[in-house]
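Asker:
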Amino acid sequence: MFDLIGNLAHGFSIALSLQNIALCFAGVMIGTLIGVLPGVGPIATIAMLLPLTFKLDPTGALIMLAGIYYGAQYGGSTTAILVNIPGEATSVVTTLDGHQMAKQGRAGIALGVAALGSFFAGTVATLVIAALGVPLTKVALLFGPAEYFALMVAGLAFAVVLARGSLLKATGMILAGLLLATIGTDLETGEERMTLGFSTLSDGLDFAVLAMGLFGFAEILRNIENPEARDVTRGKIGRLLPNMDDIKRCIAPVLRGTAIGGALGILPGNGAVLGPFASYTVEKKLAKDPSRFGRGAIEGVAGPESANNAGAQTSFIPLLTLGIPPNAVMALMVGAMTIHGIIPGPLVMSKSPDLFWGMIASMWVGNFLLLVINLPLIGLWVRLLKVPYRLMFPAIMVFCCIGIYSINNSPQDVLFTAFFGFAGYVLYKFGFEPAPLLLGYVLGRLMEEKLRQAMILARGDFMTFVYNPIAAGMLAVAVIVVVIAVLPSVSKSRDQVFTE
Amino acid sequence: MTQETKRFIRAPQDMAAGLFLIGLGAFALWQNAGLERGTLRVFGPGMMPTILAWACVVAGFAVGIGAMLWNGPKLERWTFRGPLFILGSAVAFGLTVRPLGMAVAAPLAVLLSSMASSETKLGEAAIFAIVITVFCLGLFRFMLNLPIPVAPWAIGY
């Protein structure tokens, strides 16, 4: 307990330095600015803005990136409420009641509740990360290659189950991602694999290139193809602060949303995605009058938004303690850390405590800044949303190109991104979800490494995964999760959750 | 029974998806054919890619067989204007940014990508291209000092 306070105090002493507050503020602002553009989610935003942080010291860079992440999340919720376009999967639920509230002239309250709920969730999540950081790191240090491999398999099993649409297709995407991860020089023998003669591929495919192509470019292609009627709320935003009645209605949903989102966010395999859906379903089940949902129920904004933010933050836990990124955003964080020479994993906390605790404390600072500075600026974001898409997407394209070029100063990377943009378009046409592919790619290299080590240790005996209790347990969880998802009754309700 | 349910391929989109996975796996198998597989005890460089490629092929077959058993969505219509100009603009940027600099590559990318939408007005796009270029030069090159060529043919950097 005293450790926790001491560590947090240490973190705040770093996060509250003038430079780091400024970086956090800049990150939150720029993140919101880009994230509020319809169709630009946190992944594309971070990939685009990664080069902004190259010149900073590692702690500052990660604080700024984390700020960009929250800003982009917040921007996504704003577009969900005001324009009915979710910036990313996790704010889909917010469109249901949030946009209805906006239509009824209560946009300000929806935004205010979302921000207040997120702030509360963020505060709790920061404490959870700080509390779990030390014990989980100790556990992680006990993990051998077999345990790591099994944990990642379990993560991928979750990702398959949590993906939208067909389980088989999601499995196919994971496999494709794992396959793409083997591109490049083999770590042990130094032989080149599947580089097709491109020298830039011998280091493997850059994750930012893949993510920007599959998410950024492909998203623009989809938007141009289906020019959806963007009905930016014409009415007034109204007041931002909810009244006593609103607050009373929201307290319980915010508490439940925080608990649900925070718990799911810790799961490897992008559990955070499920948080808002789960929270919405719970609130609807518990409501006295479920028919209000979908017609502007404030609980339908407060719960999911809190779950969203709590999950967004607790998904840092697997990255910071185990070194396993649970989703694409965290994989970009790995990229950023590696650029600064930090290898994410259990050693970060003991080797660079300033970075570890500074970043955790800055999460709270970032959430606070979002609340007190961004919310009043809502008028600015609304004006930005009224820019027609025909002007917006060329600007997004140029920013993306400059961002990708700057990561490695490589024009070839821009061409590869264009290629993956096309691949993303093809996948979309074939009804594939790109998210599992990215996760497979993210974990692929580490999984191969750990599997090879485990096999060497076990002298080629696959039974090592059965004899090792922790690994066996995790593999069993993976199997159970998939089996449950295939059961007819569950798969039906799973369809319902995703279509709702 | 109606004609609809008698079709051999009941879910054309899934069939295409299955074939895509099979193709991807087959391509990877071909590329990795020359690599040492090694043994379970000591993996060679080709072991993982080969296993994964076969898994892709199997998943592809499973998706394809599913497409013959259950009804599913049709293939969506493809458009060419969007991909051509959007991806073309990125390619143009990649090809011109080194030799000609951002002063050429950025407006070129804006103009080309603008062509992707039928709502674009040419005059507006031209003005916007200039505005965006000035903004990007100011932000990325002069404020953030990123080493992007500006206009090597005119000012030497």
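Taken in sequence, the protein lines are chains A and B.
Number 1107 in the numbering used here belongs to position 461 of the first sequence; there are no gaps in the numbering.
Number 98 in the numbering used here belongs to position 106 of the second sequence; there are no gaps in the numbering.
Using N, Cα and C, we set each Cβ at its ideal position, and we do this for glycine too.
#1: Whole-angstrom Cβ separation of residue 699 (chain A) and residue 710 (chain A), contact assumed at under 8 Å?
#2: Please report how far the alpha carbon of residue 652 (chain A) lies from the alpha carbon of residue 1003 (chain A), in whole angstroms.
#3: State the beta-bridge partners of residue 831 (chain A) as determined by DSSP.
#4: Where does residue 1075 (chain A) land, buried or exposed, given buried means 16+ other C-beta within 10 angstroms?
#5: At a CB-CB cut-off below 9 Å, which residues of chain B make contact with residue 1067 (chain A)?
#6: Could you round the C-beta distance between residue 892 (chain A) and residue 944 (chain A) to whole angstroms and report it? I think they count as a contact, below 8 Å.
#7: Let's test the definition: count the other Cβ atoms within 10 Å of the Cβ of residue 849 (chain A) and tell me whether it reaches 16, buried, or not, exposed.
#8: At a CB distance below 9 Å, what residues from the stretch 671 to 690 of chain A approach chain B? Give them in sequence order.
#9: Are the CB atoms of residue 942 (chain A) and residue 743 (chain A) within a distance shorter than 7 Å?
#10: Buried or exposed for residue -6 (chain B), going by 16 or more other Cβ atoms inside 10 Å?
#11: Suppose contacts are defined by Cβ-Cβ distances below 7 Å. Is residue 1044 (chain A) in contact with residue 98 (chain B) by that definition?
#12: What is the rounded straight-line gap between the Cα of residue 4 (chain B) and the Cα of residue 809 (chain A)?
#13: Note down the Cα distance separating residue 136 (chain B) from residue 717 (chain A), rounded to an integer number of angstroms.
#14: What number of angstroms, rounded off, separates the C-alpha of residue 1177 (chain A) from the C-alpha of residue 670 (chain A)?
#15: Which residues in chain B have a C-beta closer than 7 Å to the C-beta of residue 832 (chain A)? List them in chain order.
#16: When the Cα atoms are used, what is the spatial distance from residue 1146 (chain A) to residue 937 (chain A)?
#17: For residue 124 (chain B), would you say it is in contact with chain D, using Cβ-to-Cβ distances shorter than 7 Å as the test?
#18: Quick one: what does DSSP say residue 35 (chain B) is sitting in, helix, strand or coil?
#19: Are the C-beta atoms of residue -1 (chain B) and some chain A residue less than 7 Å apart?
#20: I want to see whether chain B comes within less than 7 Å of residue 815 (chain A), judged by CB atoms only; does it?
#21: Taking a cut of 8 Å between CB atoms, which residues from the stretch 135 to 148 of chain B lie near chain A?
#22: Applying a beta-carbon distance threshold of less than 7 Å, which residues of chain B neighbour residue 697 (chain A)?
#23: Assess contact between the stretch 756 to 769 of chain A and the stretch 1060 to 1079 of chain A, defined as three or more Cβ pairs (one per stretch) separated by less than 8 Å. Is contact present?
#24: Answer with yes or no whether the minimum CB distance from residue 90 (chain B) to chain A is below 7 Å.
#25: I'd like the list of long-range same chain contacts for residue 738 (chain A), defined as Cβ closer than 7 Å, with 5 residues on each side in sequence excluded.
#26: Indicate whether residue 924 (chain A) and residue 906 (chain A) have their beta-carbon atoms separated by less than 7 Å.
#27: Going by the beta-carbon positions, is the gap between residue 1100 (chain A) and residue 789 (chain A) smaller than 7 Å?
#28: Please list the residues of the stretch 1073 to 1107 of chain A that have a C-beta atom closer than 7 Å to any C-beta atom in chain B, keeping them in chain order.
#29: Could you tell me whether the stretch 67 to 85 of chain B touches the stretch 1029 to 1049 of chain A, using the rule of 3 or more Cβ pairs below 8 Å?
#30: Determine whether the beta carbon atoms of residue 631 (chain A) and residue 89 (chain B) lie at a separation below 7 Å.
#31: Measuring alpha carbon to alpha carbon, tell me which of B:8, B:42, B:60, B:103 ends up nearest residue 1036 (chain A).
#32: Which residues in the same chain have their Cβ closer than 6 Å to the Cβ of residue 1132 (chain A), if we skip the five residues on either side of it in sequence?
#33: Which one of A:740, A:820, A:852, A:910 has the shortest CA to CA distance from residue 830 (chain A)?
#34: Using DSSP with H/G/I as helix, E/B as strand and the rest coil, what is residue 687 (chain A)?
#35: Going by C-alpha to C-alpha distance, which of A:1033, A:1093, A:901, A:683 sits closest to residue 926 (chain A)?
Answerer: Taking the coordinates as given:
#1: 5 Å
#2: 10 Å
#3: A:838
#4: buried
#5: 75, 78, 79, 82
#6: 6 Å
#7: exposed
#8: none
#9: yes
#10: Because the pLDDT of residue -6 (chain B) is 44, which lies under 50, any placement of that residue in the model is unreliable, and the question is left without a value.
#11: yes
#12: 21 Å
#13: 20 Å
#14: In the structure as shown, chain A begins at 647 and stops at 1146. Residue 1177 (chain A) is therefore absent and cannot be evaluated.
#15: 37
#16: For residue 1146 (chain A), the pLDDT reaches just 49, beneath the cut-off of 50, and the residue's location in the model is therefore unreliable, leaving the point undetermined.
#17: The question asks about chain D, but that chain is absent: this structure's protein chains are A and B.
#18: strand
#19: no
#20: yes
#21: 136, 137, 138, 139, 140
#22: 138
#23: no
#24: yes
#25: 732
#26: yes
#27: no
#28: 1075, 1076, 1077, 1078, 1094, 1098, 1101, 1102, 1105, 1106
#29: yes
#30: Nothing about residue 631 (chain A) can be read from this structure; chain A reaches only from 647 to 1146.
#31: B:103
#32: none
#33: A:852
#34: coil
#35: A:901
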